[in-house]
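A.B. asks: Listed in order, the protein sequences are those of chains A and B.
Okay, so the first sequence: first residue is 4 according to our numbering, each after it adds one.
Okay, so the second sequence: first residue is 4 according to our numbering, each after it adds one.
There are 2 protein chains.
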Amino acid sequence: MQAHLDVAIGQYDGTVAEAMGYASRGGKRLRALFVMEGARLHGIAPDHAVWPATAIEALHAYSLVHDDLPCMDDDDERRGMPTVHRRWDEATAVLAGDALQTLAFELVADPRGHPDGAVRADLGLSLARAAGAGGMVRGQALDIAAETAPTPLTLEQITDLQAGKTGALITWSACAGPLMARADQKPLKTYGDCIGLAFQIADDVLDVTGDPEKTGKAVGKDAAAGKATFVSLLGLDAAKRRAADLVTEACDALAVYADAADSLRHAARFVIARDS
Amino acid sequence: MQAHLDVAIGQYDGTVAEAMGYASRGGKRLRALFVMEGARLHGIAPDHAVWPATAIEALHAYSLVHDDLPCMDDDDERRGMPTVHRRWDEATAVLAGDALQTLAFELVADPRGHPDGAVRADLGLSLARAAGAGGMVRGQALDIAAETAPTPLTLEQITDLQAGKTGALITWSACAGPLMARADQKPLKTYGDCIGLAFQIADDVLDVTGDPEKTGKAVGKDAAAGKATFVSLLGLDAAKRRAADLVTEACDALAVYADAADSLRHAARFVIARDS
Numbered sequence: 004m005q006a007h008l009d010v011a012i013g014q015y016d017g018t019v020a021e022a023m024g025y026a027s028r029g030g031k032r033l034r035a036l037f038v039m040e041g042a043r044l045h046g047i048a049p050d051h052a053v054w055p056a057t058a059i060e061a062l063h064a065y066s067l068v069h070d071d072l073p074c075m076d077d078d079d080e081r082r083g084m085p086t087v088h089r090r091w092d093e094a095t096a097v098l099a100g101d102a103l104q105t106l107a108f109e110l111v112a113d114p115r116g117h118p119d120g121a122v123r124a125d126l127g128l129s130l131a132r133a134a135g136a137g138g139m140v141r142g143q144a145l146d147i148a149a150e151t152a153p154t155p156l157t158l159e160q161i162t163d164l165q166a167g168k169t170g171a172l173i174t175w176s177a178c179a180g181p182l183m184a185r186a187d188q189k190p191l192k193t194y195g196d197c198i199g200l201a202f203q204i205a206d207d208v209l210d211v212t213g214d215p216e217k218t219g220k221a222v223g224k225d226a227a228a229g230k231a232t233f234v235s236l237l238g239l240d241a242a243k244r245r246a247a248d249l250v251t252e253a254c255d256a257l258a259v260y261a262d263a264a265d266s267l268r269h270a271a272r273f274v275i276a277r278d279s
Numbered sequence: 004m005q006a007h008l009d010v011a012i013g014q015y016d017g018t019v020a021e022a023m024g025y026a027s028r029g030g031k032r033l034r035a036l037f038v039m040e041g042a043r044l045h046g047i048a049p050d051h052a053v054w055p056a057t058a059i060e061a062l063h064a065y066s067l068v069h070d071d072l073p074c075m076d077d078d079d080e081r082r083g084m085p086t087v088h089r090r091w092d093e094a095t096a097v098l099a100g101d102a103l104q105t106l107a108f109e110l111v112a113d114p115r116g117h118p119d120g121a122v123r124a125d126l127g128l129s130l131a132r133a134a135g136a137g138g139m140v141r142g143q144a145l146d147i148a149a150e151t152a153p154t155p156l157t158l159e160q161i162t163d164l165q166a167g168k169t170g171a172l173i174t175w176s177a178c179a180g181p182l183m184a185r186a187d188q189k190p191l192k193t194y195g196d197c198i199g200l201a202f203q204i205a206d207d208v209l210d211v212t213g214d215p216e217k218t219g220k221a222v223g224k225d226a227a228a229g230k231a232t233f234v235s236l237l238g239l240d241a242a243k244r245r246a247a248d249l250v251t252e253a254c255d256a257l258a259v260y261a262d263a264a265d266s267l268r269h270a271a272r273f274v275i276a277r278d279s
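Structural data, given as structure tokens:
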């Protein structure tokens, strides 16, 4: 997948392409894993699945570059390295993010991917719906608005926000396999929805308990900003329990795949056990 | 097309959706016209063509919102109205631009558009190639870099820059019709390439001779910034002649369509005759 992304970005030259490569290196590659595993469960060849798997990592990288901008979360570091606008400048960060988003749609539509054009179009359509003003961008907008809201968000509001900000792309990743096979997406949709929420709760837990050396970001940042999180709303222990329950629910949804889905069960447990 | 765009944005709510609607109102709709006319010449139903026509206007609107940002061209006005980051704020402008780009890929992939999924996938693929790090974003990056370059750009460099910044999307618009019909794209590609360049030369001419009441932007901005333009490199009269020659070349390329392409010939002449 990394090699595939390097080749895709390697088509281009100049500072923006360099920043695209920089921004898309590292990370946990969970979304790509969900695409590849979901595809495997439905008999989709890895050669076909790697295109949407690479696309979702490009799209994820775009979202991080723009989220880090001074006018958004204003972060100086990401994965222990300077953010793109700190390493280069804001114009480069805006453009590298823009082009990473474009690249994602280039990759899902590439005829070297799934042989059925209608499948490639549907991958693009569903990715756009997950990423756009009704999905990820909506979640990010709610997050930005929350920073200046007179009262902290409620549990319902923060769940809604996260379903957009992180949940929509994770669910898309899980569903890409059955989409490519024209099979029922429901089990993997439930898995993705649960994992997306568990992932964010785990992030909030790590913000309190994490080791900045490992997470690559400052600890206690959300609490210091007076931001409502799953931990501030539920308490640390109840937040951990909620995440664990979601992981159980996610694994249960995979019953239809029996043992074949063990790697997805493993990934689900990793989401709440990780230290970065 | 406007109604179609309003419906597409109307799926969403909140400030970002409001800013998306604001940013995509007005304008000359030349790109949509190229899509619709190129489609008509190839027997593509308007009901199918309106999807890529709407998509290209959403994508164009995204590019304007991000180009206007303080870290890019830092413009306060667009089409005589405050730019998105002035009317709202930078975060809203980044997100509205992001979501307008996403919307473009949602629209080309929508199954209510062209019935052949492979065509929809190819519209997405070609749009991404035109818009991304090898096309429009590359042109914008070259434009930003030129601002701090020790010497002004040469004619060759500025032609290359504009082929990306404005040319790539105009050529895509012209080619979308034959692409949908699986017909030869060459005549309309030549038309688009010539019109894209003529359009930019005309913009540079308007920067010198235009009426700010009509163009909706300050006159002499490029000259004041010491920026190389087609006018600064060729002189006003030679720049006008070059644009006129390109329009002739564009119209000649339409010979294969005979009288049926008269509306595209009219549009070509409008590109250099316009006062805004």
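Glycine is no exception: its CB is placed at the ideal position from the N, C-alpha and C atoms.
All values derive from a computational prediction rather than experimental measurement.
At a CB-CB cut-off below 8 Å, which residues of chain A make contact with residue 105 (chain B)?
C.D. replies: Taking the second sequence and counting its residues from 1, one reaches residue 105 (chain B) at position 102. Within chain A, the residues near residue 105 (chain B) are 104, 131, 134, 135, 136 and 140.
A.B. asks: Hey, residue 41 (chain B) and residue 177 (chain B) are a contact pair by Cβ (cut 8 Å); roughly how many whole angstroms apart?
C.D. replies: Mapped onto the second sequence, residue 41 (chain B) falls at position 38. Mapped onto the second sequence, residue 177 (chain B) falls at position 174. Confirmed, about 5 Å.
A.B. asks: Would you say residue 194 (chain A) reaches chain B, if we count a Cβ-Cβ gap shorter than 8 Å as a contact?
C.D. replies: Here the question's residue 194 (chain A) lines up with position 191 in the first sequence. It does not: the Cβ of residue 194 (chain A) has no partner Cβ on chain B nearer than 8 Å.
A.B. asks: Once you ignore the five residues that flank residue 328 (chain A) on each side, which residues in its own chain have a CB closer than 7 Å to its CB?
C.D. replies: The structure shown does not extend to residue 328 (chain A), since chain A is modelled only from 4 through 279, so no value can be given for it.
A.B. asks: Taking the alpha helix (DSSP H) that residue 178 (chain B) falls in, what are its first and last residues?
C.D. replies: Looking up residue 178 (chain B) in the second sequence gives position 175. Run containing residue 178 (chain B): 171-183, per the alpha helix (DSSP H) assignment.
A.B. asks: Among the residues of its own chain, which have a CB less than 7 Å from the CB of residue 104 (chain B), if the five just before and after it don't count?
C.D. replies: Position 101 of the second sequence holds residue 104 (chain B). So the qualifying residues of the chain are 62 and 65.
A.B. asks: Can you round the beta-carbon distance between residue 165 (chain B) and residue 126 (chain B) to whole angstroms, since I take them to be within the 8 Å contact cut?
C.D. replies: Reading the second sequence from its first residue, position 162 is the one you call residue 165 (chain B). Reading the second sequence from its first residue, position 123 is the one you call residue 126 (chain B). Incorrect: roughly 24 Å between the Cβ atoms, too far for contact.
A.B. asks: Determine whether the beta carbon atoms of residue 26 (chain A) and residue 99 (chain A) lie at a separation below 8 Å.
C.D. replies: Walking along the first sequence from the start, residue 26 (chain A) turns up at place 23. Walking along the first sequence from the start, residue 99 (chain A) turns up at place 96. Taking 8 Å as the Cβ cut-off, residue 26 (chain A) and residue 99 (chain A) qualify as a contacting pair.
A.B. asks: Quick one: list the residues of chain A neighbouring residue 98 (chain B), beta-carbon separation under 7 Å, in chain order.
C.D. replies: As a working note, residue 98 (chain B) is residue 95 in the second sequence. Within 7 Å Cβ-Cβ: 140, 143 and 144.
A.B. asks: Expressed to the nearest angstrom, what Euclidean distance is found between the alpha-carbon atoms of residue 73 (chain A) and residue 37 (chain B)?
C.D. replies: One-based indexing of the first sequence puts residue 73 (chain A) at position 70. One-based indexing of the second sequence puts residue 37 (chain B) at position 34. Straight-line Cα distance between these residues: approximately 38 Å.
A.B. asks: Starting from the beta carbon of residue 113 (chain B), find every residue of chain A whose beta carbon is closer than 8 Å, and list them in chain order.
C.D. replies: By 1-based counting over the second sequence, the position of residue 113 (chain B) is 110. Correct list: 128.
A.B. asks: Spell out a yes or no on whether the stretch 137-157 of chain A and the stretch 18-25 of chain B are touching, meaning 3 or more CB-CB pairs, one atom from each, closer than 8 Å.
C.D. replies: They touch, by the three-pair rule.
A.B. asks: Could you compute how far the alpha carbon of residue 267 (chain A) sits from the alpha carbon of residue 32 (chain A)?
C.D. replies: As a first step, residue 267 (chain A) is located in the first sequence; it is residue number 264 there, counting from the start. As a first step, residue 32 (chain A) is located in the first sequence; it is residue number 29 there, counting from the start. Each residue's Cα considered, the two are about 13 Å apart.
A.B. asks: Report yes if the CB atom of residue 9 (chain B) is closer than 8 Å to the CB atom of residue 30 (chain B), and no otherwise.
C.D. replies: Within the second sequence, residue 9 (chain B) is the residue found at index 6, counting from 1. Within the second sequence, residue 30 (chain B) is the residue found at index 27, counting from 1. In this structure, residue 30 (chain B) does not lie closer than 8 Å to residue 9 (chain B) by Cβ.
A.B. asks: Relative to the C-alpha of residue 75 (chain B), which residue among B:240, B:150, B:186 and B:250 is closest?
C.D. replies: For the purposes of this step, residue 75 (chain B) is identified with residue 72 of the second sequence, where counting begins at 1. That would be B:150, whose Cα lies nearest to the Cα of residue 75 (chain B).
A.B. asks: Between which two residues does the alpha helix (DSSP H) containing residue 25 (chain B) stretch?
C.D. replies: Position 22 of the second sequence, counted from the start, is the residue given in the question as residue 25 (chain B). Unbroken alpha helix (DSSP H) run through residue 25 (chain B): 18-26.
A.B. asks: Which class does residue 39 (chain A) belong to by DSSP, given the choice of helix, strand or coil?
C.D. replies: To locate residue 39 (chain A), count along the first sequence from 1; it is residue 36. Residue 39 (chain A): helix per DSSP, three-state reduction.
A.B. asks: How would you list, in chain order, the residues of chain A whose beta-carbon sits under 7 Å from the beta-carbon of residue 47 (chain B)?
C.D. replies: Looking up residue 47 (chain B) in the second sequence gives position 44. Result: empty, since nearest Cβ-Cβ is about 16 Å, beyond 7 Å.
A.B. asks: Which whole-angstrom value is the C-beta distance of residue 274 (chain A) and residue 198 (chain A), which I expect to be below 8 Å?
C.D. replies: Position 271 of the first sequence, counted from the first residue, corresponds to residue 274 (chain A). Position 195 of the first sequence, counted from the first residue, corresponds to residue 198 (chain A). Right, the Cβ-Cβ distance comes to about 6 Å (below 8 Å), so this counts as a contact.
A.B. asks: Just the C-alpha distance for residue 257 (chain B) and residue 194 (chain B), rounded to the nearest angstrom, thanks.
C.D. replies: Locating residue 257 (chain B) in the second sequence gives position 254, counting from the first residue. Locating residue 194 (chain B) in the second sequence gives position 191, counting from the first residue. The alpha-carbon atoms of residue 257 (chain B) and residue 194 (chain B) are separated by roughly 7 Å.
A.B. asks: Thinking residue 170 (chain B) and residue 196 (chain B) are a contact (beta carbons under 8 Å), I'd like their distance in whole angstroms, please.
C.D. replies: For the purposes of this step, residue 170 (chain B) is identified with residue 167 of the second sequence, where counting begins at 1. For the purposes of this step, residue 196 (chain B) is identified with residue 193 of the second sequence, where counting begins at 1. That pair is a contact at about 6 Å.
A.B. asks: Could you compute how far the alpha carbon of residue 93 (chain B) sits from the alpha carbon of residue 86 (chain B)?
C.D. replies: As a working mapping, residue 93 (chain B) is identified with position 90 in the second sequence. As a working mapping, residue 86 (chain B) is identified with position 83 in the second sequence. Their Cα atoms are separated by approximately 10 Å.
A.B. asks: How is the alpha helix (DSSP H) around residue 168 (chain B) delimited, first residue to last?
C.D. replies: Working through the second sequence from its first residue, we reach residue 168 (chain B) at position 165. Neither: residue 168 (chain B) is in no alpha helix (DSSP H) and is coded neither H nor E.
A.B. asks: Under 8 Å between beta-carbons, which chain A residues line up against residue 19 (chain B)? List them in chain order, please.
C.D. replies: Along the second sequence, one-based indexing puts residue 19 (chain B) at 16. Residues of chain A passing the Cβ test: 136, 140, 141 and 144.
A.B. asks: Please name the residue in B:52, B:253, B:45 and B:163 whose C-alpha comes closest to that of residue 118 (chain B).
C.D. replies: The count along the second sequence starts at 1 and reaches residue 118 (chain B) at position 115. With distances taken between Cα atoms, residue 118 (chain B) lies closest to B:52.
A.B. asks: Mind checking residue 238 (chain B): buried by the 16 CB within 10 Å criterion, or exposed?
C.D. replies: For the purposes of this step, residue 238 (chain B) is identified with residue 235 of the second sequence, where counting begins at 1. It counts as exposed.
A.B. asks: Report, in whole angstroms, the separation of the C-beta atoms of residue 121 (chain B) and residue 121 (chain A), which I expect to be a contact under 8 Å.
C.D. replies: Position 118 of the second sequence, counting from 1, holds the residue named residue 121 (chain B). Position 118 of the first sequence, counting from 1, holds the residue named residue 121 (chain A). So it is a contact: roughly 7 Å between Cβ atoms.
A.B. asks: Is the Cβ of residue 214 (chain B) closer than 8 Å to any Cβ of chain A?
C.D. replies: Start at 1 with the first residue of the second sequence, and residue 214 (chain B) comes out as number 211. Residue 214 (chain B) does not count as touching chain A.
A.B. asks: Does residue 159 (chain A) pass the burial test, meaning 16 or more other C-beta atoms within 10 Å, or should it be called exposed?
C.D. replies: Counted from its first residue, the first sequence places residue 159 (chain A) at position 156. Result: exposed.
A.B. asks: Under 8 Å between the Cβ atoms of residue 246 (chain A) and residue 161 (chain A)?
C.D. replies: By one-based count along the first sequence, residue 246 (chain A) stands at place 243. By one-based count along the first sequence, residue 161 (chain A) stands at place 158. Result no, Cβ atoms of residue 246 (chain A) and residue 161 (chain A) do not sit closer than 8 Å.
A.B. asks: Counting C-beta neighbours from all protein chains within 10 Å, is the total for residue 244 (chain A) 16 or more, i.e. buried, or is it exposed?
C.D. replies: Within the first sequence, the letter at position 241 stands for residue 244 (chain A). The residue is exposed, with fewer than 16 neighbouring Cβ atoms inside 10 Å.
A.B. asks: Any Cβ of chain A within less than 8 Å of the Cβ of residue 63 (chain B)?
C.D. replies: Counting from 1 along the second sequence, the entry for residue 63 (chain B) is found at position 60. Cβ-Cβ to chain A under 8 Å: no for residue 63 (chain B).
A.B. asks: If you run the structure through DSSP and keep just helix, strand and coil, what is residue 81 (chain B)?
C.D. replies: Taking the second sequence and counting its residues from 1, one reaches residue 81 (chain B) at position 78. If DSSP states are grouped into helix, strand and coil, residue 81 (chain B) belongs with the strands.
A.B. asks: What residues from the stretch 8-36 of chain A come within 7 Å of chain B, judged by C-beta to C-beta, listed N to C?
C.D. replies: Here the close residues are 14, 15, 17, 18, 19, 20 and 23.
A.B. asks: Against residue 179 (chain A), what residues of chain B qualify as contacts under a CB-to-CB distance less than 9 Å, listed in chain order?
C.D. replies: Position 176 of the first sequence, counted from the start, is the residue given in the question as residue 179 (chain A). Those do not exist, as residue 179 (chain A) stays about 14 Å from chain B at its closest Cβ, beyond 9 Å.
A.B. asks: By Cβ distance, which residues of its chain are closer than 7 Å to residue 184 (chain A), with the 5 residues on each side in sequence left out?
C.D. replies: The sequence position of residue 184 (chain A) within the first sequence is 181, counting from 1. Only 45, 46 and 47 meet the Cβ criterion.
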